Amino acid sequence: MRIYNSLTDKLEEFKPIREGKVSMYVCGPTVYNYVHIGNMRPAITFDMVRNYLEYLGYEVTYASNFTDINPKIIKAAEELGITEREVANKFIAAYLKDLEDYQCGKIDVHPTVLENLDNIYTFIQKLIEKGYAYEVDGDVYFRVNKIKDYGCLSNNTLDELESGARLEIDEKKEDPLDFALWRKSIEGEHFTSPWGEGIPGWHTECVVMINSIFGEKIDIHGGGVDLKFPHHENEIAQSMALNNNHLANYWMHNGHINVEGVKMSKSLGNFILAKDFIKNSKANIVKLAMFKTHYRLPFNIKEELFKECGLLDDKIYNTLKQANLQIQVSNITINQVKQDENINKIMDEDFNTPNLITYLLELIKELNTAIRNKGEISLLYDKINLIINILGLHYDLKTLSEDDKKTYQEWLKAKENKDYTKADELRKTLVNNNIL
């Protein structure tokens, strides 16, 4: 299997740190408000990545954080008239509900900043002791110019960043590129550190959480392309300083989201909350639409695309329902196929979901033909279910009771005997019971 590594800008053969096991971390939301549909793209993308790795037989440990200490949360608490903890807990619960509504699989670990404060203090102190960080009047900054390959992820040199970036002037900094590891603050929720009252900087928390959960290095670090710089670049810098590695062997970034060809933003009025978007769609349809675009490319929300994927979702469901009926009434053995070499060829090239959906459509067509011609269906059914599981699609297929099977057989017999009145009555029963 080959993964496109953002760190090297090329496809690389995937080799896990520990044989048969994969460690994966994906940056989660800052919990100060409801997330928008763009936040769901990494959640859906890396759920698929996990599913495919498990399909290949890997044991995957998947962590995704909550940034629950942040100036945005302090501001939201003031606006809502509640505490920062209440804000964080409210929007953590809301995001978990979003994950459920979009039918994303279980994430193994959801670390928070609050529960990692002691680890953050220790981490920053070690950086100070090694000369990579310095304290000024209660603030602690990271010395960027000590990392010679800073910019390796975003393809920027230190000189280019110094001259080209729009940098916030801070007289406390030794260098304009230096970033905060700890911010002095006595407003809102703040904490007592070795350097005084304040809150941790955003870029430190993910490195600390990864080190705490997995150790010094992980296999895959994921997130949206907007996090590539400065967030992920600064994570790498800290890991290089303390552990002399790039934190992850493979850096994966999903593309951003456009609405009808225009980048989503609050100012343009095309900003869509995830909780509102799903009210007018279905998880399966959202996933099919997203996966028709490769994860690294921008995804364009278009009404026409979602209509197309709604029809595709119906087609998959109706085909599976017919096949499920035949399998149960005829006692056909299924779940015999554990892998399909065609799936592997497609997905082993950096999770090529557009081609996987094309292959899914081919299998659906073949299965429909097999059902009509009373041919072999178990192999096709198994292959389709492998793809459905990888993409994280969910279809509620009925388990037939003995009475259901009896009614179905009576319907077939009535049709064969040309007793159309009885056949129509039995058919209505079968349709009402979601069998036909």
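Just so you know, we're using my numbering here: the sequence shown kicks off at 577 and counts up by one.
Every residue gets a Cβ at the ideal spot worked out from N, C-alpha and C, and that includes glycine.
Computed from a predicted structure; not experimentally measured.
> Quick one: what's got a C-beta closer than 7 Å to Ala741's C-beta in the same chain, skipping five residues either side?
Replying inline: Since pLDDT at Ala741 reaches only 49, below the 50 mark, its modelled position is unreliable, and the value read off the structure follows with that caveat. The answer is none, since no qualifying residue turns up.
> Can the beta-carbon of Thr621 be found closer than 8 Å to that of Val689?
Replying inline: Contact flag unset, no.
> Should Arg594 be labelled buried (16 or more other beta-carbon atoms within 10 Å of its own) or exposed?
Replying inline: Exposed, since its Cβ has fewer than 16 Cβ neighbours within 10 Å.
> On the three-state DSSP scale, how would you describe Ala741?
Replying inline: For Ala741, the pLDDT reaches just 49, beneath the cut-off of 50, and the residue's location in the model is therefore unreliable, although a value from the coordinates is still provided. DSSP places Ala741 in coil when its eight states are reduced to three.
>> Once the 5 residues before and after Glu861 are set aside, which same chain residues still bring their CB inside 7 Å of it?
In response: Note on identity: in this sequence residue 861 is Ile, with Glu being the wrong assignment. Correct list, in chain order: Phe882, Cys885, Gly886, Asp889.
> Along the chain, which unbroken stretches of the alpha helix (DSSP H) at least 4 residues long are found entirely within the region 916-944?
Replying inline: Qualifying alpha helix (DSSP H) stretches, in chain order: 917-923.
>> Can you give me the C-alpha to C-alpha distance between Ile1011 and Lys974, rounded to a whole angstrom?
In response: Approximately 7 Å between the Cα atoms of the pair.
> If you compare alpha carbons, which of Lys706, Asp674, Val598, Asn907 is closest to Tyr638?
Replying inline: When Lys706, Asp674, Val598, Asn907 are compared, the shortest CA-CA separation from Tyr638 is found for Val598.
> Using CA coordinates, which residue listed in Pro874, Lys991, His686 is at the minimum distance from His832?
Replying inline: Closest option to His832, judged by alpha-carbon separation, among Pro874, Lys991, His686: Pro874.
> Quick one: Cα of Ile579 to Cα of Tyr971, how far?
Replying inline: Answer to the nearest angstrom: the Cα atoms are 29 Å apart.
>> Looking at the secondary structure, which residues open and close the alpha helix (DSSP H) in which Asp628 lies?
In response: Checking the sequence shown, residue 628 turns out to be Tyr, not Asp. In the DSSP assignment, Tyr628 falls within the alpha helix (DSSP H) that extends over 613-631.
> Run through DSSP, which three-state label would Thr637 get?
Replying inline: In this structure, Thr637 counts as strand in the three-state DSSP scheme.
>> One question on the structure: do Ser815 and His822 come within less than 8 Å of each other, judged by their Cβ atoms?
In response: Their beta carbons are under 8 Å apart, which means Ser815 touches His822 by this criterion.
>> Given this structure, state the Cα-to-Cα distance separating Tyr671 from Ala990, to the nearest angstrom.
In response: A straight line joining the alpha-carbon of Tyr671 with that of Ala990 spans about 52 Å.
>> Check this for me: beta carbons of His829 and Gly800, under 8 Å apart or not?
In response: Closer than 8 Å, so yes.
>> Does Phe590 come out as helix, strand or coil in the three-state DSSP assignment?
In response: Residue state, collapsed to three classes: coil.
>> So, under 8 Å CB-CB, Pro930 and Thr869 are touching, yes? Tell me the CB distance rounded to an integer number of Å.
In response: The C-beta distance from Pro930 to Thr869 rounds to 7 Å, short enough to meet the 8 Å contact threshold.
> Closest to Lys863 by CA distance: which of Lys804, Lys891, Ile964 is it?
Replying inline: Comparing Cα positions, the closest option is Ile964.
> From what residue to what residue does the beta strand (DSSP E) around Arg872 run?
Replying inline: No residue range can be given for Arg872, since it is assigned to no beta strand (DSSP E) and is classified by DSSP as neither H nor E.
> Start and end of the alpha helix (DSSP H) containing Val540?
Replying inline: The displayed coordinates of the chain run from 577 to 1012. Any statement about residue 540 would go beyond what the structure contains.
> Taking the alpha helix (DSSP H) that Val685 falls in, what are its first and last residues?
Replying inline: Note, Val685: premise wrong, no alpha helix (DSSP H); not H, not E.
>> Does Ser815 come out as helix, strand or coil in the three-state DSSP assignment?
In response: When secondary structure is reduced to three states using DSSP, Ser815 falls in the helix class.
>> Helix, strand or coil for Gly596? Go by DSSP, reduced to three states.
In response: It is coil, neither helix nor strand.
> Is Ile910 helix, strand or coil by DSSP?
Replying inline: Coil at Ile910, not helix or strand.
> Quick one: is Ser977 buried, meaning 16 or more other Cβ sit within 10 Å of its Cβ, or exposed?
Replying inline: If you draw a 10 Å sphere on the C-beta of Ser977, you find fewer than 16 other C-beta atoms in it, and that means exposed.
> At which residues does the alpha helix (DSSP H) containing Asn547 begin and terminate?
Replying inline: A query on residue 547 cannot be resolved here, the shown segment of the chain reaching from 577 to 1012 and no further.
>> Let me check one thing: in DSSP terms, what residues is Asp715 bridge-paired to?
In response: For Asp715, which the question treats as bridged, DSSP gives the partners Val712.
>> Distance check for Thr768 and Ala652, CA to CA, integer angstroms please.
In response: Straight across, the Cα-Cα distance linking Ala652 with Thr768 is about 22 Å.
> Hey, is the region 606-617 in contact with the region 626-634, meaning 3+ C-beta pairs nearer than 8 Å?
Replying inline: Between the region 606-617 and the region 626-634, the count of Cβ pairs shorter than 8 Å is below three; the stretches do not touch.
>> By DSSP's criteria, Tyr826 is part of a beta bridge. Which residues make up the other side?
In response: Note: Tyr826 sits in a beta bridge opposite Ile796.
>> Spatial neighbours of Ile775 within its chain, please: C-beta separation below 7 Å, excluding the five flanking residues on both sides.
In response: Counting only Cβ-Cβ distances below 7 Å, and skipping sequence neighbours, we find Ile645, Arg759, Ser761, His766, Phe767.
> Exposed or buried, what is Lys706 when buried is set at 16 or more other beta-carbons lying within 10 Å of its beta-carbon?
Replying inline: Exposed is the call here.
> Which residue's Cα is closest to the Cα of Ser640: Val611, Asp754, Gly604?
Replying inline: That would be Gly604, whose Cα lies nearest to the Cα of Ser640.
> Out of Ala709, Lys858, Gln701, Glu588, which has the shortest C-alpha to C-alpha gap to Glu750?
Replying inline: Taking the Cα of Glu750 as reference, the smallest distance to any Cα among Ala709, Lys858, Gln701, Glu588 is reached at Ala709.
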